[in-house]
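Protein chains in written order, with our numbering: chain A, 1 to 113; chain B, 114 to 227.
Heads up, the beta-carbon is just placed ideally off N, CA and C, and yes, glycines get one too.
Data block below; observations after.
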């Protein structure tokens, strides 16, 4: 049972445009949502997170939106740059220190020149 | 460079064998996490240690075990290896013990079981 789903395995976006990566979750007990980015042959790196008490968090070109009623979050990248080409993982966790983190399968983003 | 080191980078072994993967967390981080990434799968959380004690357990097989030592480095032991255990194994660390904290990932160990 996939509790965190990224339904688009890949996405292509023109350089300079907005990239929107989507993530759905099924467990309403999740309190924290995170996005990680991964380049080939490297480990994932943390991008941005959001607590369930917020509906938006922004960090530079990256904004995460959370819609709790729809159990949906999205990552917006504006403007998209060539270096943004990577695999993006959505993850969810509870807020207790022994809560497990659940990752989605990832979306591969291609930024086209 | 995340500050998390993993050894070895690559490991090729035969079915039925036992291997040990090693992880050194970032300086000052008390928590270590282990993940498995197989083909077409996302990151599967295996187990978390905080300051030497097991904190959370994910989809870790009984053939797998881990520990965190007093110097905070961690080892993941995989035994009775099967072809399906071939995967990338990542270690991550964080300053505190909650999965909601930013985790710093190592470069991974690629395990190939033949």
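Simplified DSSP assignment, three categories, for residue i
i: residue 112 of chain A; result: strand
i: residue 21 of chain A; result: strand
i: residue 196 of chain B; result: helix
i: residue 84 of chain A; result: helix
i: residue 100 of chain A; result: coil
i: residue 50 of chain A; result: strand
i: residue 4 of chain A; result: strand
i: residue 143 of chain B; result: coil
Closest residue to residue i among the options (Cα-Cα distance)
i: residue 38 of chain A; options: A:105, A:69 and A:19; result: A:105
i: residue 141 of chain B; options: B:217, B:126 and B:169; result: B:217
i: residue 46 of chain A; options: B:225, B:213, B:224 and B:226; result: B:213
i: residue 166 of chain B; options: B:122, B:152, B:178 and B:174; result: B:178
i: residue 34 of chain A; options: A:98, A:85 and A:58; result: A:58
i: residue 18 of chain A; options: A:55, A:56, A:41 and A:84; result: A:84
i: residue 161 of chain B; options: B:171, B:153 and B:154; result: B:171
i: residue 91 of chain A; options: B:206, B:215 and B:195; result: B:215
i: residue 50 of chain A; options: A:66, A:20 and A:41; result: A:66
i: residue 238 of chain B; options: A:98, A:97 and A:6; result: A question about residue 238 of chain B goes unanswered here, because the residues of chain B that appear run from 114 up to 227.
i: residue 206 of chain B; options: B:129, B:221 and B:152; result: B:221
i: residue 48 of chain A; options: A:21, A:108 and A:8; result: A:21
i: residue 43 of chain A; options: A:100, A:80, A:87 and A:82; result: A:87
Residue i vs residue j beta-carbon contact at 8 Å
i: residue 102 of chain A; j: residue 4 of chain A; result: yes
i: residue 118 of chain B; j: residue 219 of chain B; result: yes
i: residue 198 of chain B; j: residue 226 of chain B; result: yes
i: residue 64 of chain B; j: residue 89 of chain A; result: Outside the displayed span of chain B (114 to 227) sits residue 64 of chain B, for which this structure offers no information.
i: residue 71 of chain A; j: residue 25 of chain A; result: yes
i: residue 98 of chain A; j: residue 169 of chain B; result: yes
i: residue 186 of chain B; j: residue 115 of chain B; result: no
Can you list, in chain order, the residues of the stretch 204–226 of chain B whose Cβ is nearer than 8 Å to any Cβ on chain A? Cβ contacts with chain A come from 205, 209, 210, 211, 212, 213, 215, 216, 217, 218, 219, 220 and 221.
I'd like to know if the stretch 26–35 of chain A and the stretch 7–15 of chain A are in contact, where contact means that at least 3 CB-CB pairs between them fall below 8 Å. With the rule of 3 Cβ pairs closer than 8 Å, the stretch 26–35 of chain A does not count as touching the stretch 7–15 of chain A.
Per the contact definition of three or more C-beta pairs closer than 8 Å, is the stretch 192–209 of chain B in contact with the stretch 137–157 of chain B? Output reads yes: the stretch 192–209 of chain B touches the stretch 137–157 of chain B.
Taking three-plus beta-carbon pairs below 8 Å as touching, is the stretch 125–133 of chain B in contact with the stretch 187–197 of chain B? Touching, yes, given that three or more Cβ pairs across the two stretches are closer than 8 Å.
Segment contact, 8 Å Cβ cut-off, at least three pairs: the stretch 50–63 of chain A with the stretch 74–91 of chain A: Here the stretch 50–63 of chain A makes contact with the stretch 74–91 of chain A; the two share three or more CB pairs at distances below 8 Å.
Residues of the stretch 158–181 of chain B with Cβ closer than 7 Å to any Cβ of chain A, in chain order: Those residues of the stretch 158–181 of chain B that come within reach of chain A (Cβ to Cβ, closer than 7 Å) are 158, 168, 169 and 171.
Name the residues in the stretch 93–104 of chain A whose C-beta lies less than 9 Å from a C-beta of chain B; which are they? Of all residues in the stretch 93–104 of chain A, 93, 94, 95, 96, 97, 98, 99, 100, 101, 102, 103 and 104 have a Cβ within less than 9 Å of some Cβ in chain B.
Select from the stretch 46–58 of chain A all residues with a C-beta closer than 9 Å to any C-beta belonging to chain B, and list them in chain order. For the stretch 46–58 of chain A, the set of positions with a beta-carbon nearer than 9 Å to some beta-carbon of chain B reads 46, 49 and 51 in chain order.
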